[in-house]
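One structure is given here, and the rest of the page talks about it.
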Amino acid sequence: MVKSCDDMGNTVSKTPQKIGIVFDDSLDKPDGVQQYILSLGGWLVREGHEVHYLVGQTSRTDIDNVHALSRNVNVTFNGNQLSIPLPISTKKTKQFLMAQKFDVLHVQVPYSPWLAHKVILAAPQGTTIVGTFHIVAFSKFVQLATRCLAIWTKRSTQRFAAIVSVSTAAKAYARATYKVSTDVLPNVFDYSRFHSAQPLLPVAPGKIRIMFLGRLVERKGCQYLLEAVGMLKAKGIHNVEVVICGKGPLATKLRDYVKVNNLPVTFAGFVSEADKPGYYASADIAVFPSTGGESFGIVLLEAMASGRTAVLAASNSGYASVMEPRSDLLFPPKDVTSLAARLENLIKNDSDRKHAAAWGATYSREFDVPAVGVKLLKYYELPPASS
1304 MVKSCDDMGN
1314 TVSKTPQKIG
1324 IVFDDSLDKP
1334 DGVQQYILSL
1344 GGWLVREGHE
1354 VHYLVGQTSR
1364 TDIDNVHALS
1374 RNVNVTFNGN
1384 QLSIPLPIST
1394 KKTKQFLMAQ
1404 KFDVLHVQVP
1414 YSPWLAHKVI
1424 LAAPQGTTIV
1434 GTFHIVAFSK
1444 FVQLATRCLA
1454 IWTKRSTQRF
1464 AAIVSVSTAA
1474 KAYARATYKV
1484 STDVLPNVFD
1494 YSRFHSAQPL
1504 LPVAPGKIRI
1514 MFLGRLVERK
1524 GCQYLLEAVG
1534 MLKAKGIHNV
1544 EVVICGKGPL
1554 ATKLRDYVKV
1564 NNLPVTFAGF
1574 VSEADKPGYY
1584 ASADIAVFPS
1594 TGGESFGIVL
1604 LEAMASGRTA
1614 VLAASNSGYA
1624 SVMEPRSDLL
1634 FPPKDVTSLA
1644 ARLENLIKND
1654 SDRKHAAAWG
1664 ATYSREFDVP
1674 AVGVKLLKYY
1684 ELPPASS
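Residue numbers (this note's numbering): 1304 to 1690.
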């Protein structure tokens, strides 16, 4: 038997399960859904369950039980770089699932008709199928495309015992596109990995360090942070240094902007998952100015967990759902004046900044994988949906 804790902290026993986590994309990238899958899968293994990853083309070998079921091609969707699977063999998929005998398939939604859809339809009738809905549309085109995808894969959707959404924004989008009712069960992360991290960057005496960590694409909004820093400079606020972590097609344009405006900004380039906690622990303020298309905000929680970093975030629907208890730390997307005002307050008021950081360290623990994972196990115990 496996022991876990329920919502009241009481120890309860669970029968070990064989779980297949299904994902159309690759596990090679460090994006949000991949981090959700790996954090959850790692915790399930530590709890005594057997976890397999049924995924698209993946080359990494540091994870046990990875089954790369397809070849994938790269596309841009919802402002993100994704890889989508080419069609897999229905016959081979059925043979694989019959041999593995999974108790549960946990599918990441939305999904393609070429991998996850086929896996669901090929699954034995005794398999419980659960889904997690991850996205919110960045544009009307994406919403239309998601609705078409939902219609295309409707037959497999009927096999879900339950679908959960990572936020209220994702829940509303699931209802609008897939016409399904979902519970909200938030995203998860490994709190201890970020909370225990030591700073990787040296202390800058007399300076407040502001950090952006994300892809350098228009949707992530780094350009608005740089404009806000320019406004602070114009007001005579010079005790700041800004570190931009990430890579992307806007890198050259952003570097040119910094050079022309003589801003106190350093570009650190791509930061690995291993180094990310140490970078967050090196920041006094972390800023996430994404303009939209966010279903949650796991990056906000990762930054908060250090206990040292105050977080400011754009009020897109996903980030707003995470920051609901502290709306004073939100600013309207693309509103440079509001962002500059929030930054100025945290720069000038040590007590406000430290209080925001302390609040974040406590609040982010609520999303630690054990706290949310125990709730997810209840869905794994549901009986299979009727065919």
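Beta carbons are placed, not taken as given, at the ideal position from N, Cα and C, and that holds for glycine. Just so it is clear, the structure is predicted and the values come from calculations on it, not from any experiment.
query: Would you say Leu-1519 faces chain B, with C-beta separation under 8 Å as the test?
result: This model lacks chain B altogether, as it is built from one protein chain only.
CB of Val-1467 within 8 Å of CB of Thr-1449, strictly: no
- request: Return the CA-CA distance between Val-1336 and Lys-1321, expressed in angstroms with no decimal places.
  value: 21 Å
message: Does Phe-1492 come out as helix, strand or coil in the three-state DSSP assignment?
response: strand
- prompt: Whose CA, out of Val-1545, Glu-1350, Gln-1403, lies closest to the CA of Asn-1368?
  reply: Gln-1403
message: Less than 8 Å between the beta carbons of Tyr-1476 and Ala-1440, yes or no?
response: yes
- prompt: Roughly how many angstroms lie between the CA atoms of Pro-1687 and Leu-1424, to the nearest whole one?
  reply: Taking the straight line from one Cα to the other gives about 13 Å.
- prompt: Beta-carbon separation of Val-1598 and Ala-1473 under 8 Å?
  reply: According to the sequence shown, residue 1598 is Ser rather than Val. Their beta carbons are under 8 Å apart, which means Ser-1598 touches Ala-1473 by this criterion.
message: Let me make sure I understand the geometry here. Which of Arg-1522, Lys-1681, Pro-1388, Ile-1588 has the alpha-carbon closest to that of Glu-1647?
response: Ile-1588
Backbone CA spacing between Tyr-1683 and Val-1433 [nearest angstrom]: Rounded to whole angstroms, the gap between the alpha carbons of Tyr-1683 and Val-1433 is 7 Å.
- request: Reducing DSSP to helix, strand and coil, say where Val-1532 ends up.
  value: helix
Glu-1647, enclosing beta strand (DSSP E) - first and last residue: From DSSP, Glu-1647 is part of no beta strand (DSSP E) but of the alpha helix (DSSP H) over 1639-1651.
- prompt: Are Phe-1463 and Gln-1411 close, meaning C-beta to C-beta below 8 Å?
  reply: no
field: Cβ-Cβ distance between Glu-1605 and Leu-1553 below 8 Å
entry: no
- prompt: Just to confirm, are Ser-1386 and Gln-1360 a CB contact at a threshold of 8 Å?
  reply: yes
- prompt: How many Å lie between Tyr-1291 and Lys-1395 at the Cα?
  reply: Any question about residue 1291 goes unanswered here, given that the chain covers just 1304 to 1690.
message: Taking 8 Å as the threshold (C-beta atoms), are Val-1422 and Leu-1357 in contact?
response: yes
task: Flag this pair as yes or no: are the beta carbons of Thr-1431 and Leu-1685 separated by less than 8 Å?
output: Against a cut-off of 8 Å, the Cβ pair of Leu-1685 and Thr-1431 comes out as a contact.
- prompt: Taking all protein chains shown into account, do 16 or more other C-beta atoms lie within 10 angstroms of the C-beta of Glu-1627, making it buried, or fewer, making it exposed?
  reply: exposed
- prompt: Quick one: complete alpha helix (DSSP H) runs, 4+ long, within the segment 1514-1601?
  reply: 1525-1537, 1554-1564, 1579-1583
- request: Tell me where the alpha helix (DSSP H) around Phe-1326 begins and ends.
  value: Segment 1321-1326 is the beta strand (DSSP E) holding Phe-1326; no alpha helix (DSSP H) there.
message: Suppose the cutoff is 6 Å on Cβ atoms and the five residues either side in sequence are ignored; what does the same chain contact list for Gly-1524 look like?
response: Take Gly-1524, set aside five residues on each side of it, and the residues of its chain with a beta-carbon closer than 6 Å to its own are Pro-1592, Ser-1593, Thr-1594, in chain order.
- prompt: Relative to the alpha-carbon of Leu-1452, which residue among Pro-1413, Lys-1579, Leu-1347, Lys-1332 has its alpha-carbon at the smallest distance?
  reply: Cα-wise, what sits closest to Leu-1452 is Pro-1413.
Span separating the alpha-carbon of Ala-1507 from that of Ala-1617: 27 Å
Whole-angstrom distance between Val-1469 and Asn-1490, CA atom to CA atom: 5 Å
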